[in-house]
Every structure is written in C-alpha cells, then in structure tokens.
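Quick notes on the structure that follows.
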Amino acid sequence: MQQAVHSLRIAPRGRGLTEITGAVRDWIDKQEIDTGLLTLFCRHTSASLVIQENADPDVRADLEAFFEKIAPEDPQRYKHRTEGPDDMPAHLRAALTQSQLSIPIVDGELALGTWQGIYLFEHRRIPHEREIVLHAIGE
Amino acid sequence: MQQAVHSLRIAPRGRGLTEITGAVRDWIDKQEIDTGLLTLFCRHTSASLVIQENADPDVRADLEAFFEKIAPEDPQRYKHRTEGPDDMPAHLRAALTQSQLSIPIVDGELALGTWQGIYLFEHRRIPHEREIVLHAIGE
Amino acid sequence: MQQAVHSLRIAPRGRGLTEITGAVRDWIDKQEIDTGLLTLFCRHTSASLVIQENADPDVRADLEAFFEKIAPEDPQRYKHRTEGPDDMPAHLRAALTQSQLSIPIVDGELALGTWQGIYLFEHRRIPHEREIVLHAIGE
Numbered sequence: 000m001q002q003a004v005h006s007l008r009i010a011p012r013g014r015g016l017t018e019i020t021g022a023v024r025d026w027i028d029k030q031e032i033d034t035g036l037l038t039l040f041c042r043h044t045s046a047s048l049v050i051q052e053n054a055d056p057d058v059r060a061d062l063e064a065f066f067e068k069i070a071p072e073d074p075q076r077y078k079h080r081t082e083g084p085d086d087m088p089a090h091l092r093a094a095l096t097q098s099q100l101s102i103p104i105v106d107g108e109l110a111l112g113t114w115q116g117i118y119l120f121e122h123r124r125i126p127h128e129r130e131i132v133l134h135a136i137g138e
Numbered sequence: 000m001q002q003a004v005h006s007l008r009i010a011p012r013g014r015g016l017t018e019i020t021g022a023v024r025d026w027i028d029k030q031e032i033d034t035g036l037l038t039l040f041c042r043h044t045s046a047s048l049v050i051q052e053n054a055d056p057d058v059r060a061d062l063e064a065f066f067e068k069i070a071p072e073d074p075q076r077y078k079h080r081t082e083g084p085d086d087m088p089a090h091l092r093a094a095l096t097q098s099q100l101s102i103p104i105v106d107g108e109l110a111l112g113t114w115q116g117i118y119l120f121e122h123r124r125i126p127h128e129r130e131i132v133l134h135a136i137g138e
Numbered sequence: 000m001q002q003a004v005h006s007l008r009i010a011p012r013g014r015g016l017t018e019i020t021g022a023v024r025d026w027i028d029k030q031e032i033d034t035g036l037l038t039l040f041c042r043h044t045s046a047s048l049v050i051q052e053n054a055d056p057d058v059r060a061d062l063e064a065f066f067e068k069i070a071p072e073d074p075q076r077y078k079h080r081t082e083g084p085d086d087m088p089a090h091l092r093a094a095l096t097q098s099q100l101s102i103p104i105v106d107g108e109l110a111l112g113t114w115q116g117i118y119l120f121e122h123r124r125i126p127h128e129r130e131i132v133l134h135a136i137g138e
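Sequence order for the protein chains is A, B and C. So in numbering that gives the first Met the number 0, spot 106 of the first sequence is number 105, and the numbers just go up one at a time. So in numbering that gives the first Met the number 0, spot 99 of the second sequence is number 98, and the numbers just go up one at a time. So in numbering that gives the first Met the number 0, spot 2 of the third sequence is number 1, and the numbers just go up one at a time.
Here's what the structure looks like:
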C-alpha cells in the first residue's frame with residue numbers, strides 16, 4: 000500500500016467553473032496506483048469543488064447563474080462586508096457545494112462517469128491563486 | 000491492509016430517493032473489514048447521494064419537494080434545454096447534494112447513526128440505470 | 000500503514016456553528032501519522048459538518064441566517080411535523096451541507112487552509128449531544 004500527496008495550484012481567470020480533470024488525471028497517472036482512493040481538498044472558504052457535466056458549456060453558465068441567484072451579492076443581507084460585497088456570498092456558495100471530493104481509482108483510472116468533469120468553483124470576482132491538495136492511497 | 004471495489008447498479012423507478020443502505024451493507028459484510036473506510040461514488044451528474052432519515056417517509060417527500068422548489072423545472076431560467084426541461088434542474092440538485100460519501104467502518108459495521116439511511120437521489124423523470132462505485136479500504 | 004478511530008462527542012449549546020477544529024487536531028496529534036487521510040462522519044440527520052472561515056464571527060451569523068431563510072421553519076410547507084417545526088428544516092439544511100468531510104494529513108498536520116475551521120452545524124433548537132466518528136489512515 001502506498002500514498003502520495005501533491006499541491007495543485009490553479010489560477011482561475013475570475014468567478015465561475017474551471018475544469019481541473021486533466022491536471023488531476025496527469026498526476027494520478029504518475030502514481031502507478033491500480034486500485035485506490037483519490038481525495039481532493041480545497042484549502043479555501045471562498046472557492047470550492049464540484050463535479051459537473053463536461054459536455055455543454057451552457058450547463059456551467061446555468062450553474063453559475065443559479066448560485067448567483069440563491070446566494071446573491073446584496074450587502075444589505077449580510078453583516079460580514081469588510082472584504083467586499085462578493086465575499087459573504089462566496090462563503091455561502093462554498094458551503095452549498097464541496098470543500099472535498101474523494102474518487103475511487105479502479106484499473107488505474109479515476110472512476111469518473113463519461114460526462115463527469117472535476118471543477119474548481121471560484122466564487123470571488125478578483126482572481127486568486129487557489130491550492131487543491133491531492134492525496135492518493137492504494138496499490 | 001486490503002482494498003475492494005464494486006459496481007452497484009440501481010434502477011430507480013423515477014425521480015426521488017431510493018434507499019441503498021441494505022445493498023451497501025450486504026457488500027461490506029462480505030469484505031471482512033473490521034476497521035476501515037467505505038467510499039460511495041455516483042458516476043452521474045443528474046443523480047446524487049444523500050444521507051437522510053430512514054424512519055418517516057414524509058421526510059423523503061418533503062426533501063424531494065424542497066429540491067423541486069429551489070431548483071425548479073422552468074425552461075425560461077436555463078440555457079441548457081436540449082436534454083429536456085428536467086435536465087438542468089437535475090444538474091443543480093446534484094451540485095447541491097453529494098457525488099460522493101465516505102463512511103468509516105468500525106467493529107465490522109458502517110458507522111451510520113440509528114436513523115441514517117443512504118439514498119440514491121434520482122433527479123431525472125425518465126428512469127435511468129445508475130452506477131455507484133463502492134471502494135473499501137481497511138483490515 | 001495504520002488506522003485509528005475515535006468517537007468525538009460534542010454538546011452544542013443550541014442551533015448554529017460550533018468549532019471543533021481544536022478537538023480534531025488534538026486527536027490527530029496523538030496518532031503520529033505523517034501522511035494520511037482523516038475522515039469525519041456525523042452520525043445524525045439534523046446536524047451536519049461544514050468548513051468555514053474561522054476569523055470574523057459575522058460569517059457564522061450570516062451563514063446561519065442564510066440557511067434559516069432558504070430552508071425555513073414553516074410547518075405549512077412540510078408533511079413531516081411530528082418532531083416539531085424545526086425538524087424538517089434541520090433535515091433540509093443537513094442535506095445541503097455535509098454528513099462527512101475528508102481532509103489529507105501532510106507533514107503530520109491537517110491540510111486545512113489558514114482561514115479554514117471545521118464546524119459542527121447543529122440544526123435543532125433544543126441542545127442534543129452529537130457524535131462525530133473520526134477515522135484516520137496513514138503512516
């Protein structure tokens with residue numbers, strides 16, 4: 000049984016979904032794990048992780064619009080305003096999605112379905128470099 | 000330390016929650032793992048996983064109604080409409096719940112609480128066969 | 000490779016977020032795991048787990064207010080009312096957040112970001128003792 004860890008750094012251009020499936024697969028391919036478990040952990044409270052359809056880009060646009068609607072930028076709603084009007088909605092959108100995802104490794108491949116992509120969901124307007132910790136265990 | 004993987008196939012009758020606790024427990028019982036970790040991974044973007052109360056069926060009905068309300072079928076809201084009016088709401092409901100769950104195994108049993116059941120949450124109206132990948136590690 | 004499990008018991012004073020980062024770190028420190036994976040599992044359907052900002056307490060107040068708004072106490076909306084008006088909203092808020100979190104252990108420390116705290120999110124008004132199962136694997 001072996002383990003590996005890696006820090007994946009992503010610089011999204013701004014708010015919304017950035018696909019990281021390719022970068023994650025590239026790292027997994029180097030680990031030579033046939034059966035195991037990959038865990039992705041987002042080290043931020045205003046960005047998060049989500050698995051979504053990787054085919055029609057309209058899905059991503061609709062998903063972003065949905066989260067803007069249910070957790071809107073509206074300073075009058077929030078006490079926490081010191082970091083800008085997009086900060087508290089960012090925390091809410093992070094709470095509604097995932098800080099962490101674990102995906103089995105089967106026959107040397109991530110067990111993602113055909114239409115599943117892994118996305119970093121940036122919730123702030125100003126670009127931030129983000130760090131996702133990858134942990135793999137298996138053999 | 001050992002590992003096991005399994006593909007659990009579920010054919011829900013339509014939209015809503017289908018309990019899979021029994022099928023998952025049956026598989027875990029065969030692995031003879033005393034201490035470990037089980038991960039369930041849903042290979043779809045229009046179905047998801049949720050842990051909910053397994054006692055009163057009204058809880059499931061209320062949960063389904065809640066998700067129909069916050070992520071409604073309303074084609075005018077969405078750009079992604081080619082796969083039917085229930086497809087984009089399905090992706091949103093999947094994003095708000097889980098693609099993956101990990102549950103410790105303690106004394107040979109899943110560490111679920113007394114009232115916790117594991118459910119596949121089907122979000123499409125037309126029945127689809129769904130695949131949940133199970134991964135267990137432990138000894 | 001080693002494993003450890005522990006039952007962490009928490010008695011929140013009532014509804015809202017209770018930080019458990021310190022108690023979790025104390026237990027991890029005793030395991031002497033340099034590289035590994037920690038999983039926290041909440042054994043309840045009316046309490047859940049969330050990673051949130053640990054700096055400004057206003058973030059927690061805003062988060063609590065947000066969940067009270069999107070999944071309100073309003074008995075007319077719900078069929079499941081036998082356990083009180085706060086029970087069904089508790090299940091909905093649990094479904095929207097996490098029953099489980101997995102966090103890599105890197106260089107003997109949890110890979111939490113600087114501003115990340117781990118919180119038990121109690122959704123019932125009357126205080127309940129809650130149990131979080133901790134599972135660690137690594138070496």
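Beta carbons are placed, not taken as given, at the ideal position from N, Cα and C, and that holds for glycine.
Look at A/I117 here: in three-state DSSP terms it is strand. Scanning its chain for C-beta atoms nearer than 6 Å, with the 5 sequence neighbours on each side dropped, one finds around A/I136 the residues Q2, G35 and L36, in chain order.
Cα atoms of A/M0 and C/H122: separation of roughly 40 Å, rounded to the nearest angstrom.
B/G21: member of the alpha helix (DSSP H) spanning T20 to Q30, first to last residue.
For B/G116, same chain residues with a beta-carbon under 8 Å away, outside a window of 5 residues either side, are E18, T20, I50, Q51, E52 and N53 in chain order. With a contact defined as Cβ atoms closer than 8 Å, A/T38 and A/A93 miss out at about 17 Å. Interface annotation, C/D57: in contact with chain A, CB-CB separation under 9 Å. A/P103: member of the beta strand (DSSP E) spanning Q99 to V105, first to last residue.
Annotation: C/P74 to A/D57 spans about 37 Å, alpha carbon to alpha carbon. At the C-beta level, A/R129 and A/D85 stay beyond 9 Å of one another. Judged by DSSP secondary structure, A/H90 falls within the alpha helix (DSSP H) whose first and last residues are D86 to L95. When A/A10, A/R12, A/K29 and A/G15 are compared, the shortest CA-CA separation from A/I104 is found for A/K29.
Between A/L119 and chain C, the shortest Cβ-Cβ separation is not below 9 Å. Secondary structure at C/E130: strand, using DSSP grouped into helix, strand and coil. Note that the C-beta distance between B/E138 and B/D33 is below 9 Å. In the three-state DSSP reduction, A/I69 falls in the helix class (H, G or I). Leaving aside the five residues that flank A/F40 on each side, the residues in its chain whose CB is nearer than 6 Å to its CB run, in chain order, Q99 and V132. Chain A has no Cβ within less than 9 Å of the Cβ of B/F65.
Measuring C-alpha to C-alpha distances from A/F120 to each of A/V4, A/R8, A/R14 and A/G112 identifies A/R14 as the nearest. Shown here, C/E138 sits in coil according to DSSP, grouped into three states, outside any helix or strand. DSSP places C/H5 in the uninterrupted beta strand (DSSP E) bounded by Q1 to I9.
Contact annotation, C/R12 with C/P126: C-beta distance approximately 6 Å; criterion of less than 8 Å satisfied.
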